[in-house]
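Student: First to last, the sequence lines map onto chains A and B. If you use this note's numbering, the first sequence closes out at 250, no skipped numbers anywhere. If you use this note's numbering, the second sequence closes out at 250, no skipped numbers anywhere. Note that the Cβ used here is the ideal one computed from N, Cα and C, for glycine as well. All figures in this text were calculated on a predicted structure; none of them were measured in a lab.
2 protein chains.
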Amino acid sequence: MHILVTNDDGIDSPGIYALVHALRGVGKVSVVAPDRQQSAVGHALTVSSPLRATKIRRDGEMFGYAINGTPADCVKIGICALLEEKADLLVSGINHGSNTSKNILYSGTVSAATEGMMMGLPAIAVSLDSLDYRTDCTVAAEYAARIAAQYFDLQIPSDTILNLNVPALAKDQIKGFRLTRQGTSGWEDAYERRKDPMGREYFWLSGHYNSIDNDIDTDEGAMKAGYVSVTPVRYQLTNEDILRTIHLKE
Amino acid sequence: MHILVTNDDGIDSPGIYALVHALRGVGKVSVVAPDRQQSAVGHALTVSSPLRATKIRRDGEMFGYAINGTPADCVKIGICALLEEKADLLVSGINHGSNTSKNILYSGTVSAATEGMMMGLPAIAVSLDSLDYRTDCTVAAEYAARIAAQYFDLQIPSDTILNLNVPALAKDQIKGFRLTRQGTSGWEDAYERRKDPMGREYFWLSGHYNSIDNDIDTDEGAMKAGYVSVTPVRYQLTNEDILRTIHLKE
């Protein structure tokens, strides 16, 4: 099995390093990842400027390509131009910080997996519930590798990715996998209004996260309860229910 | 009715200008839009730098706020910080270029509508099937205004936006509204490999669009056949079907 790995924290992050090491036990691994942190880029593509690919070495060997672009750019350019042989599976992560509930829509980690799916590649997104870069990623990486190893037995449809969220717990405290649905938690947004040194007004996005999903059948509820949440995320966006009931006037 | 208008082509584009004029026949209009073209930004948010809001005048009166951010930023900052009274409806557009089929996932225009929906605001995205900035937008604007005027009679659920795609045709050649589902057309991606003046390699995203949706019950098929396509797009991403059948091994 040939596994393409990317992320949105950048190729230097501890999360991708741990993931690559764990996945090498499952198959051949190629890395194409952003050259720097890409937060909340969603499914952005770079269309108006050129992309560069820089070979990065780690531990004395080729680790992967660093790209001056977004996670979705990395997947596209990896598949279209950089990989010498076809990949069988894409794994995106390990993200520092969970990607559950409404956050899925802003997540570069999840969007990289979505881009892989749109290009015909089965895909997994992996996030760890800690924003601290010092948090150990090896347990999350091991769970990601277990899903990668069994992926083709699970018969996931081609319009669906798997979104993993791993609690930041020691291995013996994790209760195992739990299949979940996307929750409904979200942000209470606010903007702080400030003045710059010239007296001109500017705004910073702030606000706080409202974690309302406690049901262990939701991504966030399961993760908070100590499970590795696995959500099948499908990009079939038509609301078929109302197609039958809505009546437009000309 | 108070309508918040944004777009992804930037506040100077002819599309938003035509849209604002048409919507003034339906209600009070406030504009918060990017200060420049934002192509293929998807659902990106600006989290690592400050946002500025600049008042823009047109035709001798206040037209709206220009923001140094993405379409999703504009919706968030508009609702949270800039609008003096609560908006009832968000309309995003008119985009130059259609947003049908797989392109919905890359579209800043559609993502602005999605952001509105996530903040509790009913939302419509409007795109015109022409990349030429000289194409007349008044017909598309008129159709957008007709949907805005009847929006609250349509009883659209709160997890769903309406995605309009208007053919670039004269008014008397348009066959009227057609309710559609998201199509499956997409890009055949490619990257052009070039050398810069220093001899270093770089890549440009190129490729071509494969328009395979001819069924007039799809967004793209309807638009190509001369209809104003109206797709109810829902962000309920869990694949419920496989939740019941998938079996994870620990």
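(1) Quick one: residues in its chain with C-beta nearer than 6 Å to the C-beta of A:Ser107, no 5 flanking neighbours on either side, listed in chain order?
(2) In three-state DSSP terms, what is B:Leu243?
(3) Hey, is the stretch 168-179 of chain B in contact with the stretch 226-233 of chain B, meaning 3+ C-beta pairs nearer than 8 Å?
(4) Cutting at 6 Å between CB atoms, please list the residues of its own chain near B:Asp8, excluding the five before and the five after it.
(5) If the cut is a Cβ gap below 8 Å, which residues of chain A does B:Phe203 touch?
(6) Which chain B residues are close to A:Arg302, counting only those with a beta carbon under 8 Å from its beta carbon?
(7) With a threshold of 8 Å between beta carbons, is A:Ile124 in contact with chain B?
(8) How would you label A:Asp73, buried or exposed, when you count the other beta carbons within 10 angstroms and need 16 or more for buried?
(9) Where do the N-terminal and C-terminal ends of the alpha helix (DSSP H) with B:Glu271 fall, by residue?
(10) Which term fits A:Asn214, buried or exposed, when burial requires 16 or more other beta carbons within 10 angstroms of its beta carbon?
(11) Kindly say whether B:Gly116, judged by its beta-carbon, lies nearer than 8 Å to any beta-carbon of chain A.
(12) Note down, in chain order, all residues in the stretch 124-140 of chain A with a beta-carbon under 9 Å from any beta-carbon belonging to chain B.
(13) List, in chain order, every chain B residue whose beta-carbon is nearer than 7 Å to that of A:Glu250.
(14) Would B:Gly64 and B:Val41 be called neighbours here (beta carbons separated by less than 8 Å)?
(15) Give the interface partners of A:Val47 over in chain B, defined as CB-CB distance under 8 Å, in chain order.
(16) For B:Leu227, would you say it is in contact with chain A, using Cβ-to-Cβ distances shorter than 8 Å as the test?
(17) Measure from the C-beta of A:Thr160 to each C-beta in chain C and report whether the shortest distance is under 8 Å.
(18) Would you say B:Asn103 faces chain A, with C-beta separation under 8 Å as the test?
(19) What first and last residue would you give for the beta strand (DSSP E) that runs through B:Ala53?
(20) Verify the CB distance criterion: does A:His43 have a CB-CB separation below 8 Å to chain B?
(21) Across which residues does DSSP place B:Ser48 in a beta bridge pair?
(22) I'd like the list of long-range same chain contacts for B:Leu83, defined as Cβ closer than 7 Å, with 5 residues on each side in sequence excluded.
(23) Is DSSP giving B:Met118 helix, strand or coil here?
(24) Per DSSP, B:Tyr209 forms a beta bridge with which residues?
(25) Do you know offhand how far A:Ala140's Cα is from A:Thr54's?
(26) Against chain A, does B:Arg57 count as a neighbour if the rule is that its beta carbon must be under 8 Å from one of theirs?
(27) Using 8 Å as the limit for Cβ to Cβ distance, is A:Tyr191 near chain B?
(28) Tell me, which residues are paired with A:Tyr65 by DSSP?
(29) So is the beta-carbon of A:Ser158 under 7 Å away from any non-hydrogen atom of the ligand MN?
(30) Report back the beta-carbon spacing between A:Pro122 and B:Asn239 to the nearest angstrom; my notes put them in contact at under 8 Å.
(31) Could you name the residues of chain B that A:Gly27 contacts, counting a contact when the two beta carbons are closer than 8 Å?
(32) Looking only at its own chain, which residues have a Cβ that is under 7 Å from the Cβ of A:Ser111, when we skip the five neighbours before and after it?
(33) Quick one: is A:Tyr209 near chain B, going by C-beta distance under 8 Å?
(34) Check the Cβ of A:Leu19 against every Cβ in chain B and list those closer than 7 Å, keeping chain order.
(35) Measuring CA to CA, which of A:His2, A:Thr46, A:Val47 is closest to A:Lys28?
(36) So, helix, strand or coil for B:Glu192, using DSSP?
Tutor: Quick answer:
(1) Apart from the 5 residues on each side of it in sequence, A:Ser107 sits with its Cβ closer than 6 Å to the Cβ of Asn99 in its chain, given in chain order.
(2) B:Leu243: helix per DSSP, three-state reduction.
(3) With the cut-off at 8 Å, the stretch 168-179 of chain B and the stretch 226-233 of chain B touch.
(4) Hits under 6 Å: Gln38, Pro71, Gly108, Thr109.
(5) Below the 8 Å Cβ cutoff, chain A contributes Pro50, Leu51, Arg52, Ala53, Ile77, Ala81 as neighbours of B:Phe203, in chain order.
(6) Outside the displayed range of chain A (1 to 250) lies residue 302 of chain A, so it cannot be described from this structure.
(7) No, because no Cβ of chain B sits closer than 8 Å to the Cβ of A:Ile124.
(8) Counting of Cβ neighbours within 10 angstroms places A:Asp73 among the buried residues, the total reaching 16 or more.
(9) This structure cannot settle anything about residue 271 of chain B, because the visible part of chain B is limited to 1 through 250.
(10) Flag for A:Asn214 reads exposed.
(11) No, B:Gly116 does not count as interfacial toward chain A.
(12) When C-beta distances to chain B are compared with 9 Å, every residue of the stretch 124-140 of chain A stays at or above that value.
(13) The CB of A:Glu250 comes closer than 7 Å to the CB of Gly176, Phe177 in chain B, given here in chain order.
(14) No, these two residues do not count as a Cβ contact at 8 Å.
(15) The answer, in chain order, is Ser39, Ala40, Leu205.
(16) Correcting the residue type first, residue 227 of chain B is Tyr in the shown sequence and not Leu. No, B:Tyr227 does not count as interfacial toward chain A.
(17) Among the chains of the structure shown, chain C does not appear; the protein chains present are A and B.
(18) Not an interface residue.
(19) That run of the beta strand (DSSP E) goes 53-58.
(20) Taking Cβ atoms only, chain B reaches closer than 8 Å to A:His43, which makes this a yes.
(21) Bridge partners of B:Ser48: none, in fact.
(22) The residues are Leu4, Ser30.
(23) It is helical.
(24) B:Tyr209 pairs with B:Trp187.
(25) C-alpha of A:Ala140 to C-alpha of A:Thr54: approximately 27 Å in a straight line.
(26) Chain A contact via Cβ: absent.
(27) True, the Cβ-Cβ gap to chain B drops below 8 Å.
(28) According to DSSP, residue pairing for A:Tyr65 in a beta bridge involves A:Val32, A:Lys55.
(29) Ligands are entirely absent from the displayed structure, and the ligand MN is therefore not among its contents.
(30) That pair is no contact at about 13 Å.
(31) Ordered by position in chain B, no residue passes the 8 Å Cβ test against A:Gly27, which lies about 17 Å from the chain.
(32) Residues Gly42, His43, Pro71, Ala72 of the same chain have their beta carbon placed closer than 7 Å to that of A:Ser111, with the five preceding and five following residues left out of the count.
(33) No, its Cβ sits nowhere closer than 8 Å to a Cβ of chain B.
(34) Residues of chain B passing the Cβ test: none, with the nearest at roughly 19 Å.
(35) The residue with the shortest Cα to Cα distance from A:Lys28 is A:His2.
(36) Residue state, collapsed to three classes: strand.
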